[in-house]
Amino acid sequence: NATARPVDYFDSFLPTTWLVTETSQSVRRDIIGVFNQEKTELKVDYSCAKLGLDPKQTYLAFDFWDNAPLPAFRGSFRCEVPPTSCRVIAVRADEGHPVLLSTSRHVTQGIVDVTDETWRRGKLSATSQVVGNDPYELRIAGLAGDGKFWKVVAADVSATDKAAGVIVSCQESSGVLRVTLNSPESRNVKWTVQFKPQPLANPQKL
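Dropping the structure here:
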């Protein structure tokens, strides 16, 4: 049920920037794809309104091919793309608590492989379609906000998934919690990550 549209359809002979949006699930997911077919660097600068994003929201971002988070943005989106290359960036509105920003399985970073994402009382949970013997990584962002830091307490999967041999591990890097699910077989894995809010010692620095 995802839709894709060119952002610069009337600005370029060949559109360079596309927005893919999925709204049929419990949360909205957006993917920005920027494609440079030229032999010189491409620089894009679009207002969030032109992109189809809420100009009043702050957005978290993750670059799929670089496997790295990007600075949060608000009001406008800017990026640079090397010659004959592309960037595929997942974005999620900053909700003041941890959200699943990206996954490693597919370039759409959660659109085709994640269902039923919920946040309740410090617990983030969802179901992921995991491929057997292929480490699957969840990229969870939004760990700091509203004067507090969300510290991970535990990452777990359902009892059924444990019995099937699914193993969970996690580590935090560059403000993103990376949770890896390893399954010996392809299956739908129900996972949860429990967080505990802690006050930030110096919130203006984050």
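Counting in this note's numbering, the final residue of the sequence shown is number 1264, and the numbers go up one at a time with none missing.
Using N, Cα and C, we set each Cβ at its ideal position, and we do this for glycine too.
On a predicted model such as this, the values are computed, not experimentally measured, just so you know.
C-alpha distance - residue i paired with residue j, whole-angstrom precision
i	j	result
Glu-1230	Arg-1236	6 Å
Gly-1180	Val-1226	19 Å
Asn-1125	Glu-1175	22 Å
Leu-1264	Ala-1199	Per-residue confidence for Leu-1264 stands at a pLDDT of 43, beneath the threshold of 50, marking its modelled position as unreliable; the derived number appears in the next sentence. Answer to the nearest angstrom: the Cα atoms are 13 Å apart.
Pro-1129	Val-1234	12 Å
Leu-1100	Val-1224	42 Å
Val-1139	Ala-1222	42 Å
Pro-1261	Leu-1072	The predicted position of Pro-1261 is uncertain, since its pLDDT is 49 and thus under 50; a value taken from the coordinates is nonetheless stated next. Distance between the alpha carbons of Pro-1261 and Leu-1072 is about 43 Å.
Val-1149	Ser-1082	16 Å
Thr-1250	Leu-1109	32 Å
Ala-1220	Phe-1131	A small correction: the amino acid at residue 1220 is Lys; Ala does not occupy that position in the sequence shown. If you take the alpha carbons of Lys-1220 and Phe-1131, they lie about 38 Å apart.
Ala-1212	Val-1170	26 Å
Ala-1060	Thr-1166	10 Å
Gln-1256	Ile-1147	29 Å
Arg-1197	Trp-1123	13 Å
Ser-1183	Ser-1084	11 Å
CB contact flag (residue i, residue j, <9 Å)
i	j	result
Val-1210	Phe-1253	yes
Leu-1111	Val-1157	no
Thr-1075	Ile-1089	no
Gln-1095	Asp-1152	no
6 Å Cβ shell around residue i - same chain, five flanking residues per side excluded
i	result
Thr-1238	Pro-1193, Glu-1195, Ser-1227
Asp-1069	none
Contact set for residue i: own chain, Cβ-Cβ below 7 Å, skip 5 residues either direction
i	result
Cys-1106	Asp-1112, Pro-1113, Gly-1133, Ser-1134, Phe-1135
Val-1188	Tyr-1194, Leu-1239, Ser-1241, Ser-1244, Arg-1245, Val-1247
Lys-1097	Pro-1141, Thr-1142
Arg-1040	A question about residue 1040 goes unanswered here, because the residues of the chain that appear run from 1059 up to 1264.
Asp-1066	Pro-1073, Thr-1074, Thr-1075
Selection from the options that minimises the alpha carbon distance to residue i
i	options	result
Thr-1218	Lys-1206, Ala-1202, Arg-1197, Thr-1185	Thr-1185
Arg-1087	Thr-1173, Ser-1232, His-1155	Thr-1173
Phe-1207	Gly-1154, Thr-1166, Phe-1068	Gly-1154
Ala-1202	Ala-1062, Gly-1190, His-1164, Ser-1232	Ser-1232
Glu-1080	Tyr-1067, Arg-1063, Asp-1121	Arg-1063
Thr-1161	Arg-1178, Trp-1177, Asp-1121, Phe-1068	Asp-1121
Distance between beta carbons of residue j and residue i, contact taken as under 8 Å
i	j	result
Thr-1078	Val-1092	The sequence shown places Val at residue 1078, not Thr. That pair is no contact at about 12 Å.
Gly-1205	Leu-1258	6 Å
Close-in-space but distant-in-sequence residues of the same chain around residue i (CB under 8 Å, 5 per side omitted)
i	result
Gly-1190	Ser-1241, Pro-1242, Glu-1243, Ser-1244, Arg-1245
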